[in-house]
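*Asks:* Take a look at the following structure, please.
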Amino acid sequence: MDQFDEMLRERQSMPAEGLKKMIEVHRTRCICGTCPTYNGCMREHQELLFCEMGKSPACPAEKRGCICPTCPVTGLLGLKKAYYCVRGSEREQRNL
Ligand code: SF4
Ligand code: SF4
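Quick look at the structure:
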């Protein structure tokens, strides 16, 4: 079990309101807006935090590099994947 699995397990016992607040904080720390893959459609729809929310529902993305490994949220959650806006959330990419 790695850091991400532990984090998911801890979330199971968190109250919904606390979890919602935590996700809002992560959203403020997301650096997708400065990524070369982030496009105008995503900006228009204010889409962020793809590692949690999954791939962009409205905006197809063309891969131009992914800066997720340098994002503070990666260390906080123990993320190991990348290109979440294209491939889906960490959970989806791990088939959890
Ligand atoms: S890891 Fe990527 S998708 Fe997740 S918050 Fe950071 S920049 Fe955004
Ligand atoms: S998920 Fe990765 S590739 Fe997509 S916009 Fe965020 S940093 Fe860029």
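Residues in the sequence shown are numbered consecutively from 2, following our numbering.
Idealized CB from N, CA, C, for every residue including glycine.
#1: For PRO37, name the three-state secondary structure that DSSP assigns.
#2: Rounded to whole angstroms, what is the Cα-Cα separation between CYS33 and LYS22?
#3: Would you mind giving the Cβ-Cβ distance between CYS67 and CYS36, rounded to the nearest angstrom? I have them listed as a contact below 8 Å.
#4: I'd like the list of long-range same chain contacts for CYS86, defined as Cβ closer than 6 Å, with 5 residues on each side in sequence excluded.
#5: Here's the rule: buried if 16 or more other CB atoms are within 10 angstroms of the residue's CB, otherwise exposed. What is VAL26?
#6: One question on the structure: do VAL74 and ARG30 come within less than 9 Å of each other, judged by their Cβ atoms?
#7: Taking only heavy atoms of ligand 2 into account, decide whether any of them is closer than 8 Å to the Cβ of ILE68.
*Replies:* Here's the rundown:
#1: As a working mapping, residue 37 is identified with position 36 in the sequence shown. Looking at PRO37 - three-state DSSP - the assignment turns out to be coil, as it is neither helix nor strand.
#2: Mapped onto the sequence shown, residue 33 falls at position 32. Mapped onto the sequence shown, residue 22 falls at position 21. Taking the straight line joining both Cα atoms gives about 20 Å.
#3: The residue labelled residue 67 in the question sits at position 66 within the sequence shown. The residue labelled residue 36 in the question sits at position 35 within the sequence shown. The beta-carbon separation of CYS67 and CYS36, rounded to 7 Å, stays under the 8 Å limit for a contact.
#4: As a working mapping, residue 86 is identified with position 85 in the sequence shown. These residues qualify, in order along the chain: PHE51, LYS56, SER57 and ALA62.
#5: Residue mapping note: residue 26 aligns to position 25 of the sequence shown, counting from 1. Exposed: under 16 other Cβ atoms inside 10 Å.
#6: Here residue 74 corresponds to residue number 73 of the sequence shown, with the count starting at 1. Here residue 30 corresponds to residue number 29 of the sequence shown, with the count starting at 1. Cβ distance < 9 Å, so VAL74 and ARG30 count as in contact.
#7: Translated into positions along the sequence shown, residue 68 becomes position 67. Yes, the beta carbon of ILE68 sits closer than 8 Å to at least one heavy atom of ligand 2.
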